[in-house]
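Read the structure below first, then the notes.
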Amino acid sequence: MNRYEDQLQAAARFIRNNDDFLVVSHVSPDGDAIGSTGAVGFLLQLLGKSYTLINEGRTPNKYQMLLGNQPIVDYSLETPSRRFGRVIAVDCADFARIGEVHNAFEPDVKLLNIDHHPTNDLYGNVNLVRPDAAATVEILFDLAQTLEIEWTQPLATSIYAGLLTDTGGFRYSNTTPNVFSIAEKMLRYGAEGAVLAELLLEKMTFPQIQLLREALSTLSFTEDRRIGWIVVSTDLLNRVGAADEDSEGLVNIPRNVEGVEVGLLFKQKDTNAVKVSLRSSGKADVSQIAKRLGGGGHVRAAGCTVEGTLNEVVDRLVEAVSAEL
Ligand code: 5GP
Ligand code: MN
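Residue numbers are given in the working numbering: position 127 of the sequence shown equals residue 112, and the series is strictly consecutive.
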């Protein structure tokens, strides 16, 4: 048995031997976060376990259909009236990524950490971490097989959705043969590939297209055009009525320009904090840059939140990235 096999068995034991779980993913959840939260929910449901799904941040509308009959509580709107002793955290590279939801943990909580980030610091009592997985849902596929569950359409849909979004529609370098092999099985179990691709990757809301139009006018490059970036102020977000997730994907625009090594998106959170998304064309390891600034992620896709005004943070990041190129 290899180490990953051991981890799968330990995770399966954690689930089989316990009950009454809190399932949580990272703040401002994205496709893999919601897909993973929902998939663990469906798994627990199939095993007859009771569970509660809580994330900090709302579930973007387009992901609602993945959840079927299971709501995810938004901790920023509703604090639970009780605490939980058994937690399953998915797609969270470190404990801080769980956000405020940790306030709902018992002091002697036992935590299962399931994740695919190379920067994961193994904060769980049980850790199921495979950094070469394209998405956390890829690991959940293996866990479902280990638990010998009967596949259902909602579970297959959640797993397919996480693969689809974290591979950018099966295009990024994390799109391995194993990803296609799992995706193929999920289609057989009822996931609707075309419907999910249209809903999760193609469709834009009206505020989203207005945001794109305005954000493009902020597109800037260093003189050598190896770094490009887009800036989204709170002012702009409010003016077009955009939701937090509407800026998703904007960071790919500068990164996709010929010659650009690193694309950046600066999204203002408030007057003194900026969320930074970093995307690399392959030369720079942006996870290390983000990690040094308190964040983390993958070699080609990482993020962090940095204190300062928009201008200060732009200058700081462009300098930090230039030093790596
Ligand atoms: P995004 O730029 O789309 O928010 O995130 C890109 C990647 O970096 C994702 O894998 C995400 O989980 C990770 N990431 C984003 N922000 C943070 C952060 O503040 N801390 C850590 N550890 N990872 C982050
Ligand atoms: Mn992920």
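Even glycine gets a Cβ: it sits at the ideal position worked out from N, Cα and C.
Everything numeric in this text was worked out from a predicted model, so none of it was measured.
Heavy atom of ligand 3 less than 8 angstroms from the Cβ of A179, yes or no? Only ligand 1 and ligand 2 can be found as ligands here, which leaves ligand 3 out of the picture.
Residue range of the unbroken beta strand (DSSP E) whose run includes T37: 36 to 40
Mapping DSSP to helix, strand and coil, what is D5? coil
What do you get for F165, buried or exposed, if any count of 16 or more other CB atoms within 10 angstroms of its CB means buried? exposed
Helix, strand or coil at Q273 according to DSSP, with G and I counted as helix: helix
Give me the DSSP bridge partner(s) of V75. I99
So V247 and R264 are supposed to be a Cβ contact under 8 angstroms. How far apart are they, rounded? 7 angstroms
Using 10 angstroms around the beta-carbon of T44, count the other beta-carbons present and answer buried if the total reaches 16, otherwise exposed. buried
Which whole-angstrom value is the C-beta distance of E187 and L148, which I expect to be below 8 angstroms? Between L148 and E187 the Cβ distance is about 17 angstroms, and since that is not below 8 angstroms, they are no contact.
Same chain, Cβ closer than 7 angstroms to N3, five either side skipped, listed in chain order: R71
N163 versus G42 - alpha carbon distance: 31 angstroms
Name the residue from A74, L31, R240 whose alpha carbon lies nearest to the alpha carbon of K268. R240
Hey, how far is the Cα of I73 from the Cα of L32? 15 angstroms
Nearest candidate by alpha-carbon position, reference K47, set R68, L38, L62, D17: D17
Could you tell me the distance, in whole angstroms, from the CA atom of L204 to the CA atom of A(-5)? 47 angstroms
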